[in-house]
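Numbered per our numbering, the sequence shown finishes at 657, counting up by one with no gaps.
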Amino acid sequence: MNPDSSTDQQPLPPSLPRIIQPWLRVVLFLAANLTLLSVLVALLFWGMDESEFQTDLEELYLIQIISLFVTCITVWLFRTYFDKSSILSLGFEWTNRVKDSVIGFGLGFALIAVGTLLLMLLGELEISAIQFNFDLLLSYFILCIIIALNEEILVRGYVLNNLMQSMNKYWALVVSAMIFTLFHALNPNISFLAVVNLQLAGMLLGIYYIHQQNLWFPIALHTSWNFSEGAVFGYEVSGIDFQSLLQQNISDTDWLTGGEFGFEGSLLLSILLGLAILTTHKLYSPKT
């Protein structure tokens, strides 16, 4: 891996874009996305009281659906009008991607499951009860798909895709992961380790994309990560509480458990993410 090698920079689309500089398209895209999202959320929630939602899940669903809608609108607008490229070229090709998607889904689950097992072996966590609610689990799973689609289309599909045309793909990976981290910077109970792990998670979600230019692996990984962390194993997900299948008692050793931010704030996860990034890079980087 040579971050200074210009040969890793991706070519511009065959049809000349309206805005030549891909990094500038990224800046304008993010500004348009955040502005439209803020306006829509403000209009929809104007005068509303949280008591109008029967559960926190309903409110979270509404926000995520709005976010996905805004992402789809802004990606369509910028991809067709400014980039002059097809939406499918962002990485939606499904042919021969089933195996990779299954691996991505399994990797997301494995990271949380292995981390949980390690915490149990260290005496930092114990499972106190099992509470199975099929409808609730299904609702959370669908929500996690919506979240994954939104963030992967936005950060990996549009932002990383364009940054790879502006700079070496490994630098593009780092910058896109920083943007991904900033999107979660205002989440409750965030910590230094959480920031580190969000950056590493952004790199894990993007390392497949810079080699394969396809979104299904990171979408599957992101979905299973959030679902297993929150709805299955009972951690907070980036500081947001889920009702879960497994009820846990956890110690107050926050640097190991992640504390109130969830397992994403754990040093154990930092190590697991580093190993996952190296493994994914080795599996999917072009063989020379």
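Virtual Cβ for every residue (Gly too), placed ideally from N, Cα, C.
For clarity, every value in this text was computed on a predicted model and none was experimentally measured.
Point to revise | Environment of residue 469 [buried if 16+ CB atoms lie within 10 Å] | key: buried
Review point. Roughly how many whole angstroms lie between the Cα atoms of residue 401 and residue 472?
Key: 34 Å
Practice item. Mind checking which residues open and close the beta strand (DSSP E) that includes residue 498? Key: 494 to 499
Check your understanding: Is the region 608 to 621 close to the region 489 to 500, with three or more CB pairs under 8 Å?
Key -> yes
**Study point:** Through-space distance from residue 656 to residue 632, alpha-carbon basis
**Key:** 34 Å
Practice item. In angstroms with no decimal places, state the Cα-to-Cα distance between residue 638 and residue 539. Key: 22 Å
Practice item. Could you have a look at residue 373 and say whether DSSP puts it in helix, strand or coil? Key: With a pLDDT of 48 at residue 373, under the threshold of 50, the predicted position of this residue should be treated as unreliable, and no value is reported.
Review point. Are there 16 or more other CB atoms within 10 angstroms of the CB of residue 630, so buried, or fewer, so exposed?
Key: buried
Check your understanding: Any idea if residue 387 is buried or exposed, counting beta-carbon neighbours within 10 angstroms, 16 or more meaning buried?
Key -> exposed
Practice item. Inspect the CB distances between the region 569 to 584 and the region 514 to 524 and report whether three or more fall short of 8 Å. Key: yes
Point to revise | Inter-residue spacing [alpha-carbon to alpha-carbon] between residue 434 and residue 411 | key: 15 Å
Practice item. Inspect the beta-carbon positions of residue 391 and residue 566 and report whether they are closer than 9 Å. Key: no
Review point. Which residue from 598, 651, 635 puts its Cα closest to that of residue 559?
Key: 635
Point to revise | Cβ-Cβ separation, residue 578 to residue 398 (assumed contact under 8 Å), whole Å | key: With 8 Å as the limit, residue 398 and residue 578 do not qualify as a contact, their Cβ atoms being about 17 Å apart.
Check your understanding: Using a Cβ-Cβ cut-off of 8 Å (strictly less than) and excluding sequence neighbours within five positions of residue 564, which residues of its own chain qualify?
Key -> 550, 554
Review point. Using a Cβ-Cβ cut-off of 6 Å (strictly less than) and excluding sequence neighbours within five positions of residue 569, which residues of its own chain qualify?
Key: 642
Check your understanding: Got a sec? Which residues, its chain only, sit under 8 Å from residue 545 by beta carbon, not counting five neighbours each side?
Key -> 524, 525, 528, 529, 532, 571, 575
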